[in-house]
Amino acid sequence: MTGIKHVKGMLLYGPPGTGKTLMARQIGKILNGKEPKIVNGPEVLSKFVGETEKNVRDLFADAEQDQRTLGKDIDTLHVSLRDESELHVIIFDEIDAICKSRGSTRDGTGVHDSIVNQLLTKIDGVESLNNVLLIGMTNRKDMLDEALLRPGRLEVQVEISLPDENGRLQILQIHTNKMKDNSFLAPDLNLQELAARTKNYSGAELEGVVKSAVSFALNRQLSLDDLTKPVEEENIKVTMDDFLNALREVVPAFGASTDDLERCRLGGMVDCGDRHKHIYQRAMLLVEQVKVSKGSPLVTCLLEGSSGSGKTALAATVGIDSDFPYVKIVSAETMIGLHESTKCSQIIKVFEDAYKSPLSVIILDDIERLLEYVAIGPRFSNLISQTLLVLLKRLPPKGKKLLVIGTTSQLIFLESIGFCDTFSVNYHVPTLNANDVKKVLQQLNVFAKDDVDAAAEALNDMPIKKLYTLIEMAAQGEQGGSAEAVYSGKEKINISHFYDCLQDVVRI
Numbered sequence: 362m363t364g365i366k367h368v369k370g371m372l373l374y375g376p377p378g379t380g381k382t383l384m385a386r387q388i389g390k391i392l393n394g395k396e397p398k399i400v401n402g403p404e405v406l407s408k409f410v411g412e413t414e415k416n417v418r419d420l421f422a423d424a425e426q427d428q429r430t431l432g433k434d435i436d437t438l439h440v441s442l443r444d445e446s447e448l449h450v451i452i453f454d455e456i457d458a459i460c461k462s463r464g465s466t467r468d469g470t471g472v473h474d475s476i477v478n479q480l481l482t483k484i485d486g487v488e489s490l491n492n493v494l495l496i497g498m499t500n501r502k503d504m505l506d507e508a509l510l511r512p513g514r515l516e517v518q519v520e521i522s523l524p525d526e527n528g529r530l531q532i533l534q535i536h537t538n539k540m541k542d543n544s545f546l547a548p549d550l551n552l553q554e555l556a557a558r559t560k561n562y563s564g565a566e567l568e569g570v571v572k573s574a575v576s577f578a579l580n581r582q583l584s585l586d587d588l589t590k591p592v593e594e595e596n597i598k599v600t601m602d603d604f605l606n607a608l609r610e611v612v613p614a615f616g617a618s619t620d621d622l623e624r625c626r627l628g629g630m631v632d633c634g635d636r637h638k639h640i641y642q643r644a645m646l647l648v649e650q651v652k653v654s655k656g657s658p659l660v661t662c663l664l665e666g667s668s669g670s671g672k673t674a675l676a677a678t679v680g681i682d683s684d685f686p687y688v689k690i691v692s693a694e695t696m697i698g699l700h701e702s703t704k705c706s707q708i709i710k711v712f713e714d715a716y717k718s719p720l721s722v723i724i725l726d727d728i729e730r731l732l733e734y735v736a737i738g739p740r741f742s743n744l745i746s747q748t749l750l751v752l753l754k755r756l757p758p759k760g761k762k763l764l765v766i767g768t769t770s771q772l773i774f775l776e777s778i779g780f781c782d783t784f785s786v787n788y789h790v791p792t793l794n795a796n797d798v799k800k801v802l803q804q805l806n807v808f809a810k811d812d813v814d815a816a817a818e819a820l821n822d823m824p825i826k827k828l829y830t831l832i833e834m835a836a837q838g839e840q841g842g843s844a845e846a847v848y849s850g851k852e853k854i855n856i857s858h859f860y861d862c863l864q865d866v867v868r869i
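Just so we're aligned: the sequence shown equals residues 362 to 869 in our numbering.
Take a look at the structure:
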């Protein structure tokens, strides 16, 4: 009636576990056509030459037969109103496995290129079908051949993103509805609070949380003395504590790396004086800027200072206190032995994952180590450097906001290669002066009151990390073994032994 052709293809893309496959199945059911064909991308591939392309053609064989027998010739400008052929829905799960961008694979066979060509011919070729709807699903839209995404092919592209708080509440209600009907849920369970706590959880991860919570509830009813004893169903109650334990067990793929961040500040955070407090406050203002500003979707900050001055701990604290749903730390220690191109891929993936979250923090720890910096030369990885420079300037997608915090002990090197100019603000993290050290020692309470001033004067211009190392050494005592008594407050560090340890630490 309108004289236009219907849409022949659509693409559902987004993070894993968000319900793309489930949604495609439901679309196939409500269209009142033939039973949908569901194909997992790799199933099409074959080791025999030409067999893969034949498998693609076979997917469209039924639609071709129907169009020949029940349909009419399709005019190039309009669709025949007498076409009685039913709609054939073909669902491609993990379509990126077979439809990679042509020329990107180096297997020497060209089979992936042939698959894309064959698929394009069937959807939008000279003898294209008009009774087919192709639904593709992928987590990696960027890997697909661009020709597939043009009008007439997979022209409708829908992003299935991570659920918001209201969506998470509905998902939790769906998965706990049967338990609620059977009175298995405890009165203290608050799904609204759980929905607020589960930022950046996908639908599949929320289902995993519910399963884990049920397993905790069932374990309480099991008797270790007699495992054959049946569980009494009326005693099964899934409590709020079960769900909180499940949240610790099921960690979201796009969530905050809390364990990694806590490892960056094993000694906790202590008040190191006004200078450090000022830097923390300024960094938290940047967090607020990212949250509320409409004109600053990307904010970058560089923390520089001598080694051991507490830059990483400060950055980790800002990441934790930001309460952003996605916080990741990128450090060289997780990339030991990797080729520079692989390192670039990992760094890019962290940024791409951040773009899927509404609010994100990325910490680039020890940038000079990421760049493989060697002072002799100097030498560094230009590939990693250029990758980071591009990522630090690239704005996140619309509706997404990102804060990047970098740390370095080699400011002069970064300035020489123009790296510092890419950061919005730079903050110098100083070593501790005598007043700062005194404040830290008073909080730790490991010295006698009369010895605190003398110890603080001896530790002027001391990095916080080296200060902790020195205190731990001195707490052992001359004969060792007294550290536990010192930390419990029963004993104090001997000032003479402390001075002996100080000479060793300064020489490190």
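Glycine is no exception: its CB is placed at the ideal position from the N, C-alpha and C atoms.
To the nearest angstrom, how far is it from the Cα of residue i to the Cα of residue j?
i: residue 837; j: residue 798; result: 20 Å
i: residue 478; j: residue 460; result: 9 Å
i: residue 852; j: residue 803; result: 15 Å
i: residue 561; j: residue 524; result: 7 Å
i: residue 697; j: residue 824; result: 26 Å
i: residue 794; j: residue 747; result: 37 Å
i: residue 580; j: residue 605; result: 15 Å
i: residue 752; j: residue 705; result: 11 Å
i: residue 410; j: residue 418; result: 14 Å
i: residue 610; j: residue 772; result: 40 Å
i: residue 695; j: residue 707; result: 10 Å
i: residue 570; j: residue 613; result: 10 Å
i: residue 684; j: residue 536; result: 27 Å
i: residue 864; j: residue 833; result: 14 Å
i: residue 539; j: residue 546; result: 10 Å
i: residue 414; j: residue 504; result: 20 Å
i: residue 634; j: residue 387; result: 60 Å
Please state if the CB of residue j and the CB of residue i are separated by a distance shorter than 8 Å.
i: residue 622; j: residue 567; result: no
i: residue 653; j: residue 764; result: no
i: residue 599; j: residue 565; result: no
i: residue 420; j: residue 400; result: yes
i: residue 541; j: residue 669; result: no
i: residue 573; j: residue 607; result: yes
i: residue 636; j: residue 403; result: no
i: residue 452; j: residue 398; result: yes
i: residue 381; j: residue 375; result: yes
i: residue 393; j: residue 449; result: no
i: residue 651; j: residue 657; result: yes
i: residue 490; j: residue 424; result: yes
i: residue 575; j: residue 476; result: no
i: residue 787; j: residue 850; result: no
i: residue 809; j: residue 859; result: no
Near residue i, what residues of its chain come up, given a Cβ to Cβ distance below 8 Å and the 5 sequence neighbours on each side ignored?
i: residue 593; result: 582
i: residue 618; result: 688, 689 and 690
i: residue 727; result: 673, 692, 693, 768, 769 and 770
i: residue 498; result: 372, 373, 374, 381, 382, 385, 452, 453, 454, 455 and 456
i: residue 711; result: 689, 691 and 723
i: residue 519; result: 371, 372, 373 and 374
i: residue 552; result: 530, 533, 534 and 537
Assuming residue i and residue j are in contact, meaning their beta carbons sit under 8 Å apart, how far apart are those beta carbons, in whole angstroms?
i: residue 693; j: residue 730; result: 4 Å
i: residue 347; j: residue 370; result: Because the chain spans 362 through 869 in this model, residue 347 falls outside it and cannot be assessed.
i: residue 521; j: residue 373; result: 6 Å
i: residue 427; j: residue 447; result: 6 Å
i: residue 745; j: residue 701; result: 6 Å
I'd like the list of long-range same chain contacts for residue i, defined as Cβ closer than 6 Å, with 5 residues on each side in sequence excluded.
i: residue 644; result: 679
i: residue 550; result: 601
i: residue 714; result: 615
i: residue 517; result: 368 and 371
i: residue 718; result: 561, 615, 686 and 687
i: residue 501; result: 457
i: residue 435; result: For residue 435, the pLDDT reaches just 47, beneath the cut-off of 50, and the residue's location in the model is therefore unreliable, leaving the point undetermined.
i: residue 631; result: 801 and 804
i: residue 437; result: Confidence is the limiting factor: at residue 437 the pLDDT is only 46, short of 50, which leaves the residue's position unreliable, though a coordinate-based value still follows. Once the five neighbours on either side are set aside, residue 437 has no close Cβ partner at all.
Beta-carbon within less than 7 Å of residue i's beta-carbon, same chain only, minus the 5 sequence neighbours each way: which residues are those?
i: residue 526; result: 556 and 557
i: residue 596; result: 582
i: residue 378; result: 563, 564, 565 and 566
i: residue 682; result: 645
Stretch pair the region 771-789 + the region 665-672: three plus CB contacts closer than 8 Å:
yes
Flag this pair as touching only if the region 752-763 and the region 720-732 have three or more C-beta atom pairs under 8 Å; answer yes or no.
yes
Kindly confirm or deny that the region 790-806 and the region 817-825 touch, where touching means at least three C-beta pairs closer than 8 Å.
yes
Could you check whether the region 629-644 touches the region 734-746, counting it as contact only if at least three pairs of C-beta atoms, one from each stretch, sit closer than 8 Å?
no
Three or more C-beta pairs below 8 Å linking the region 548-560 and the region 501-509:
no
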